[in-house]
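Protein chains: 2
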Amino acid sequence: MRSPADLTAAFRQQGLKITPQRQLIFRLLHGNEEHPSAEALYELASAQMPGISLRTVYQTLTDLASMGELQVLSLAPGAQRFDPNVTDHHHARCNDCGQLRDVYVERMLDIEVHGLDGFQPDGAAIVFTGLCDVCATTRPSADLHQHTNNSK
Amino acid sequence: MRSPADLTAAFRQQGLKITPQRQLIFRLLHGNEEHPSAEALYELASAQMPGISLRTVYQTLTDLASMGELQVLSLAPGAQRFDPNVTDHHHARCNDCGQLRDVYVERMLDIEVHGLDGFQPDGAAIVFTGLCDVCATTRPSADLHQHTNNSK
DNA sequence: CTCGCAATCTGCAACTCGTGCAGACAATCA
DNA sequence: TGATTGTCTGCACGAGTTGCAGATTGCGAG
Ligand SMILES: [Mn+2]
Ligand SMILES: [Mn+2]
Ligand SMILES: [Zn+2]
Ligand SMILES: [Zn+2]
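For the protein sequence lines, the chains are A and B, in the order given. First residue of the first sequence: 18, per this note's numbering; consecutive thereafter. First residue of the second sequence: 18, per this note's numbering; consecutive thereafter.
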C-alpha cells in the first residue's frame with residue numbers, strides 16, 4: 018500500500034473525496050504488518066476518532082482492495098484479514114493465537130506440480146501453519162496437530 | 018478418509034453409535050473429490066434421505082474432522098469445504114466458479130523460506146488460483162503470470 | 001425380545017461476519 | 001455561500017455455523 022499522501026492523491030484523482038475517516042484508516046494501515054481484521058482496525062480507529070462507524074471501515078477497506086492497494090486474506094475461519102503488503106509474499110499462521118506473519122519464499126519455480134492439467138493459474142499462495150514464537154514457549158512444544166483455537 | 022465399513026468399525030470402537038444418517042454421509046464422502054460444502058452434502062443427503070437435518074450433516078462432519086478422517090478447508094470467503102482426501106496434497110481454486118481440485122506438489126523442500134525465525138511450522142498448504150478449464154473457455158483468457166510452471 | 005439409558009437427531013434460536021439501504025452529513029467547487 | 005454529489009452512520013438483513021432442548025433411537029443388559 019502506498020503512503021497516506023500518495024493515497025490521498027490517488028483518491029482525489031479518481032474523483033473520490035478525502036475525508037478524515039479515510040485519512041485515519043490510511044495512516045493505521047500504512048506499514049502495518051499485523052494483518053488486522055476489520056474489527057481490529059475499527060478498535061484502533063475508534064480510539065482516535067470516537068464515533069467512526071464499523072461500516073465505514075469496511076467500506077474503505079473494500080475501496081482500497083479494489084484499487085489494489087491491499088489484499089484481503091481468507092486463510093482460516095473467522096474474519097478476513099487485510100494486508101497492505103502487496104509485494105509477492107506468503108504467510109505463516111499460528112494455530113493457537115491466529116497471528117499471521119509475512120514469509121518470503123524463493124525458488125518457488127523449483128517445485129514440481131501435478132494435476133493442474135487444463136487449469137490456468139494466475140498465482141499461488143503458501144500458508145505455513147504451526148506455533149508462533151510466543152505460543153510455542155507458552156505451550157511446551159507439545160502436540161503439533163489437533164489444535165485449532167482462534168484468537169478473539 | 019477410510020471406507021464406510023472401516024469408519025463404522027472405528028465409530029463403534031469409540032462408543033459412537035451407527036445411525037443411518039452417519040452411514041449415508043460416510044458413503045457420500047468416500048472417494049468424493051469435489052470438496053463439497055456442508056450445504057452441498059446436505060442436498061445430496063436429502064435426495065436419499067428426505068428429512069435429514071443440516072445440523073446432523075454439520076455434526077457428522079465435525080466428528081469426522083476431529084477423528085482426522087477429513088480435513089476442513091477455509092481457502093476463501095464463504096462456506097468451508099470438506100476434504101476426505103487426507104493424503105499430502107494441495108489445491109487449485111477457480112476464481113470464477115470456486116471449484117477446488119487436488120494438486121500434488123513435489124520437491125517442496127527445494128524452496129527457500131525467509132522470515133520463519135522462531136515460528137515452529139507443522140505444515141504448509143499451497144493454493145493455486147486461476148481459472149478452471151471450464152471457466153477458462155467460457156471467459157476470455159487473461160494473460161497469466163509465470164508463478165507456476167513445471168506441470169507434468 | 002423387550003427395556004432403559006445414553007447418544008443422537010431435529011428444529012430453532014442465536015451468533016459472527018459482512019453487505020444493502022436510506023437519510024443525515026460534509027467535501028468540493030462555482 | 002450554496003449546490004452538488006459522494007460519504008458516513010445506523011440498522012436491517014443474509015450467509016454460514018453453533019448452542020440448546022426436547023423427541024427419537026441405537027444398542028447393551030436382562
Ligand atoms: Mn502479509
Ligand atoms: Mn483435496
Ligand atoms: Zn501464537
Ligand atoms: Zn471455474
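We put the beta carbon where it would ideally sit given N, CA and C, even for glycine. Given the structure is predicted, the values throughout are model-derived calculations rather than measurements.
Query raised in the report: So is the beta-carbon of D113 of chain B under 7 Å away from any non-hydrogen atom of ligand 4?
Result: Here residue 113 of chain B is taken as the residue at index 96 of the second sequence, counted from 1. Checking every heavy atom of ligand 4 against the Cβ of D113 of chain B, one is found closer than 7 Å.
Requested in this report: Could you please give the first and the last residue of the uninterrupted alpha helix (DSSP H) stretch that includes V74 of chain A?
Outcome: What you label residue 74 of chain A is simply residue 57 of the first sequence in a count that begins at 1. In this chain, the alpha helix (DSSP H) harbouring V74 of chain A covers 71–83.
Report task. State the start and end residues of the unbroken alpha helix (DSSP H) segment that holds F43 of chain A. Result -> Here residue 43 of chain A is taken as the residue at index 26 of the first sequence, counted from 1. First-last of the alpha helix (DSSP H) with F43 of chain A: 37–46.
Query - Cβ distance (whole Å) where M66 of chain A is taken to contact Q30 of chain A below 8 Å - result: Against the first sequence, residue 66 of chain A aligns to sequence position 49. Against the first sequence, residue 30 of chain A aligns to sequence position 13. Contact between M66 of chain A and Q30 of chain A fails: their C-beta atoms lie close to 25 Å from each other, not under 8 Å.
Query raised in the report: To which residues of the same chain is D119 of chain A closer than 7 Å at the C-beta, ignoring the five residues directly before and after it?
Result: The residue given as residue 119 of chain A occupies position 102 in the first sequence. Leaving aside the five residues that flank D119 of chain A on each side, the residues in its chain whose CB is nearer than 7 Å to its CB run, in chain order, E50, N102, H106, H108.
Query raised in the report: For ligand 2, is there a heavy atom less than 7 Å away from the beta-carbon of H108 of chain A?
Result: For this step, residue 108 of chain A is matched to residue 91 along the first sequence. With a threshold of 7 Å, the Cβ atom of H108 of chain A does not count as near ligand 2, since no heavy atom of the ligand is closer than that.
Requested in this report: State the Cα-Cα distance for the pair A26 of chain B and A141 of chain B, rounded to the nearest angstrom.
Outcome: Against the second sequence, residue 26 of chain B aligns to sequence position 9. Against the second sequence, residue 141 of chain B aligns to sequence position 124. Going from the Cα of A26 of chain B to the Cα of A141 of chain B covers about 31 Å.
Query raised in the report: Using the C-alpha atoms, what's the distance from T79 of chain A back to D23 of chain A?
Result: Translated into the one-based positions of the first sequence, residue 23 of chain A becomes position 6. Translated into the one-based positions of the first sequence, residue 79 of chain A becomes position 62. Looking at the two C-alpha atoms, the distance is approximately 18 Å.
Report task. Quick one: residues with CB closer than 5 Å to any heavy atom of ligand 2, in chain order, please. Result -> Taking each Cβ in turn, the ones that pass are B:D100, B:N102, B:D119.
Report task. Check the Cβ-Cβ distances between L161 of chain B and every residue of chain A, and say whether any is below 8 Å. Result -> Position 144 of the second sequence holds residue 161 of chain B. At L161 of chain B the pLDDT is 42, less than 50, meaning the model places this residue with poor confidence; the figure from the coordinates comes in the next sentence. A Cβ of chain A is located within less than 8 Å of the beta carbon of L161 of chain B.
Query raised in the report: Just curious, the alpha helix (DSSP H) that P231 of chain A is in, first and last residue?
Result: Past the boundaries of the shown model lies residue 231 of chain A; chain A is included only from 18 to 169, so the question cannot be answered.
Query raised in the report: So which residues of chain B does F145 of chain A contact, with C-beta pairs closer than 9 Å?
Result: Counting from one through the first sequence, the residue named residue 145 of chain A turns up at place 128. In chain order: V130, L133, F136, P138, D139, G140, A141, A142.
Query raised in the report: Any beta-carbon of chain A closer than 8 Å to the one on D105 of chain B?
Result: The count along the second sequence starts at 1 and reaches residue 105 of chain B at position 88. Cβ-Cβ to chain A under 8 Å: no for D105 of chain B.
Report task. Ignore the nearest five residues each way along the sequence and tell me which others in L61 of chain B's own chain have a CB closer than 7 Å to its CB. Result -> Your numbering for residue 61 of chain B matches position 44 in the second sequence. Shown here for L61 of chain B: same chain residues with a beta carbon closer than 7 Å to its own, the five before and five after excluded, namely L45 in chain order.
Query - V122 of chain B: CB within 7 Å of a non-hydrogen atom of ligand 3 - result: In the second sequence, the residue the question calls residue 122 of chain B occupies position 105. Not one heavy atom of ligand 3 falls within 7 Å of the beta-carbon of V122 of chain B.
Query raised in the report: Residues bridged to G140 of chain A by DSSP?
Result: For this step, residue 140 of chain A is matched to residue 123 along the first sequence. B:T146, per the DSSP bridge assignment.
Query raised in the report: CB of L148 of chain A to nearest heavy atom of ligand 3: below 7 Å?
Result: In the first sequence, counting from the first residue as 1, residue 148 of chain A sits at position 131. Placement of the Cβ of L148 of chain A at a distance of less than 7 Å from at least one heavy atom of ligand 3 is found.
Report task. Within the stretch 106–140 of chain B, note down every full beta strand (DSSP E) run reaching 3 residues or more, in order along the chain. Result -> The DSSP assignment places complete beta strand (DSSP E) segments of no fewer than 3 residues inside the stretch 106–140 of chain B at 107–111, 117–123, 129–131, in order along the chain.
Query raised in the report: Where does the unbroken alpha helix (DSSP H) through L92 of chain A begin, and where does it stop?
Result: Position 75 of the first sequence, counted from the first residue, corresponds to residue 92 of chain A. Run containing L92 of chain A: none; DSSP gives neither H nor E here.
Query raised in the report: Pairing CB atoms from the stretch 123–142 of chain A with CB atoms from the stretch 145–157 of chain B, are three or more of them under 8 Å?
Result: Contact between the stretch 123–142 of chain A and the stretch 145–157 of chain B is present, because at least three Cβ pairs lie under 8 Å.
Query raised in the report: Any heavy atom of ligand 4 closer than 7 Å to the CB of V151 of chain B?
Result: Along the second sequence, read from residue 1 onward, the residue named residue 151 of chain B stands at position 134. Yes, the Cβ of V151 of chain B comes within 7 Å of a heavy atom of ligand 4.
Report task. Tell me whether the beta-carbon of Q97 of chain B lies closer than 8 Å to the beta-carbon of S70 of chain B. Result -> As a first step, residue 97 of chain B must be located in the second sequence, where it is residue number 80. As a first step, residue 70 of chain B must be located in the second sequence, where it is residue number 53. Taking C-beta atoms as the reference points, Q97 of chain B and S70 of chain B fail to come closer than 8 Å.
Query raised in the report: Does the distance from the CB of R19 of chain A to the CB of E123 of chain A come in under 8 Å?
Result: Counting from one through the first sequence, the residue named residue 19 of chain A turns up at place 2. Counting from one through the first sequence, the residue named residue 123 of chain A turns up at place 106. Not closer than 8 Å, so no.
**Report entry** Cα-Cα separation, T104 of chain B to L81 of chain B
**Finding:** As a first step, residue 104 of chain B must be located in the second sequence, where it is residue number 87. As a first step, residue 81 of chain B must be located in the second sequence, where it is residue number 64. When the Cα atoms are used, T104 of chain B and L81 of chain B turn out to be separated by approximately 15 Å.
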